[in-house]
Ligand SMILES: [Zn+2]
């Protein structure tokens, strides 16, 4: 470890926190797009503030359409081969649980609170102070470095599409917008929907569940006709409720006593880690199928019944590996996951949505073909709404090995590569990996209330980034 780097960065703690505070104070949530503010005024304001600060520090700065800011440092016109990609936009901070103003940086007992301190304004500032340190210490570099500050990571990374119109990415790019040590594999993804038209005569008046496509749904409900409250309660107590961890409630429809409302409450989980969830939707499908089977829900038409039976065959309660779609597979990048996440059924139609994350042992087209076959065999039309190949950077590449060795040296623990089901900011950048800024199992409340990072972690991030620059560029 270079003690000069460490001392330089730690001696700039107050400056670093001041800049972070200025950025946190700009509520850079995506807003209405206009001509010179592609993602709204506040993300642009954050970018312009960063631009001003970087110019004052003496860096060469390029602003691409108020969407992306490039901060370059290279000696004697050397080629730029390392990029550090961070983002200045944030998610909203509407939760009632904030104990401090989310748009004011507050430090308490060595912990910094505020929206963006870990995701991703803190790491952005840490990267800037790493580069400033290299510049001020005049550490000789053979190749140059570019900091890339984007403003649309939280809403689809359209900022990087704008960047690509103007420029190429450096050979090696890492983003401190994930976790340490190194995320080198991001699974592929397919999102899609399946549809079946119905006859308008069923006795399920409506049924639905799920609010977003990328999560295990924790709620589902149905309005049923021609069933008594008692019969429904008896069926619930019979088998499903306790065993599944999903709770059902039954109520007479207040407006019309021919109808009974049944709702299910399970447990939400991100679609990339569905094992921790309890799918309320598949539990409700299962319950209604039992009602049909036992003759408790008399049939006015068999199409709804057949639809729910086929859905249960494809997405049985408790299954998260896509086995029933014929998709089950796993390798060192993890197991395939499959979540039935949204559903709407009326008497006219049934429409379901799902989210699949697949490991690197299968291709996008293989997974898609298996889905197509399974859905068509079970009588559904199927289409994808999002298709994404896996992102892989070899563990034994020079870039990854150097990142891990710096991590081991500074953090004093073994570095290793991690595969994840989600996508990071570098998902569509060839050779890009995530390096930081979350550590271990700590829950930094990213996207939640009271988002935090410790001051010492933030300073260490900066040291790590400076050491990586030295290791890769000199
Ligand atoms: Zn982020």
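Numbering (this note's numbering), first residue to last: 7 to 480.
Note that CB positions come from ideal geometry on N, CA and C, so glycine has one too.
Practice task
Keeping to the same chain, check which residues put their C-beta closer than 8 Å to that of residue 128; ignore five residues upstream and five downstream.
Solution key: 26, 118, 122, 443, 459, 464 and 467
Practice task
Would you decide whether residue 218 is buried or exposed? Buried here means 16 or more other CB atoms lie within 10 Å of its CB.
Solution key: exposed
Practice task
Hey, could you find the ends of the beta strand (DSSP E) residue 70 is sitting in?
Solution key: 66 to 70
Practice task
Verify the contact flag: residue 159, CB atom, against every heavy atom of ligand 1, threshold strictly below 7 Å.
Solution key: yes
Practice task
Starting from residue 284, follow its DSSP beta bridges and name the residues at the other end.
Solution key: 273
Handout entry: Residues of its chain near residue 80, where Cβ-Cβ distance is below 6 Å and the 5 sequence neighbours each way are ignored
Key = 86 and 150
Handout entry: Closer than 7 Å: residue 93 CB and nearest ligand 1 heavy atom
Key = yes
Exercise for the section: Buried or exposed for residue 157, please, with buried defined as at least 16 other CB atoms from any protein chain shown within 10 angstroms of its CB. Expected result: buried
Handout entry: Three-way DSSP call (helix, strand, coil) for residue 30 in this model
Key = helix
Exercise for the section: Answer yes if the region 364 to 375 comes into contact with the region 395 to 409, meaning at least three C-beta pairs across the two stretches below 8 Å, and no otherwise. Expected result: yes
Practice task
Report all residues from its chain with a CB closer than 7 Å to the CB of residue 221; omit the five preceding and five following residues, and keep chain order.
Solution key: 274, 275, 276, 277 and 347
Handout entry: Distance CB(residue 300)-CB(residue 241) smaller than 8 Å
Key = yes
Problem - Cβ neighbours of residue 363 in the same chain (closer than 6 Å, five flanking residues each side left out) - result: 193, 195, 278, 343 and 427
Practice task
With a threshold of 7 Å, establish whether the CB of residue 404 neighbours any heavy atom of ligand 1.
Solution key: no
Practice task
Grab the span of the beta strand (DSSP E) containing residue 330 for me, first residue to last.
Solution key: Here residue 330 belongs to no beta strand (DSSP E), and DSSP marks it neither H nor E.
Practice task
Would you mind giving the Cβ-Cβ distance between residue 356 and residue 313, rounded to the nearest angstrom? I have them listed as a contact below 8 Å.
Solution key: 5 Å
Problem - heavy atom of ligand 1 below 7 Å from residue 126 C-beta - result: yes
Practice task
Just mark residue 201 as buried or exposed, buried being the case when its beta carbon has 16 or more other beta carbons within 10 Å.
Solution key: exposed
Exercise for the section: Please find out if some non-hydrogen atom of ligand 1 comes closer than 7 Å to the beta-carbon of residue 467. Expected result: no
Problem - C-beta contact flag for residue 182 and residue 152 at 8 Å - result: no
Practice task
Would you mind giving the Cβ-Cβ distance between residue 441 and residue 188, rounded to the nearest angstrom? I have them listed as a contact below 8 Å.
Solution key: 6 Å
Practice task
State the Cα-Cα distance for the pair residue 303 and residue 126, rounded to the nearest angstrom.
Solution key: 52 Å
Exercise for the section: Verify the contact flag: residue 449, CB atom, against every heavy atom of ligand 1, threshold strictly below 7 Å. Expected result: no
Handout entry: Length of the line joining the Cα atoms of residue 199 and residue 352
Key = 16 Å
Handout entry: C-beta contact flag for residue 109 and residue 30 at 8 Å
Key = yes
Practice task
Could you round the C-beta distance between residue 350 and residue 281 to whole angstroms and report it? I think they count as a contact, below 8 Å.
Solution key: Rounded, the Cβ-Cβ distance is 26 Å, inconsistent with contact.
Exercise for the section: Let me know the secondary structure DSSP gives residue 309 once reduced to three states. Expected result: helix
Exercise for the section: Below 8 Å on the Cβ atoms is my guess for residue 408 versus residue 478; work out the distance and round it to an integer in Å. Expected result: 6 Å
Practice task
Could you name the residues that DSSP lists as bridge partners for residue 152?
Solution key: 78 and 89
Exercise for the section: For residue 471, name the three-state secondary structure that DSSP assigns. Expected result: helix
Handout entry: The alpha helix (DSSP H) enclosing residue 404, as first and last residue numbers
Key = 404 to 417
Exercise for the section: Could you have a look at residue 195 and say whether DSSP puts it in helix, strand or coil? Expected result: strand
Practice task
Pair every Cβ in the region 34 to 46 with every Cβ in the region 66 to 84, then say whether three or more of these pairs are closer than 8 Å.
Solution key: yes
Exercise for the section: Can you tell me which of the three DSSP states residue 337 falls into? Expected result: strand
Practice task
Could you tell me the distance, in whole angstroms, from the CA atom of residue 265 to the CA atom of residue 322?
Solution key: 27 Å
Practice task
Work out the CA separation of residue 132 and residue 159 for me, nearest whole Å.
Solution key: 18 Å
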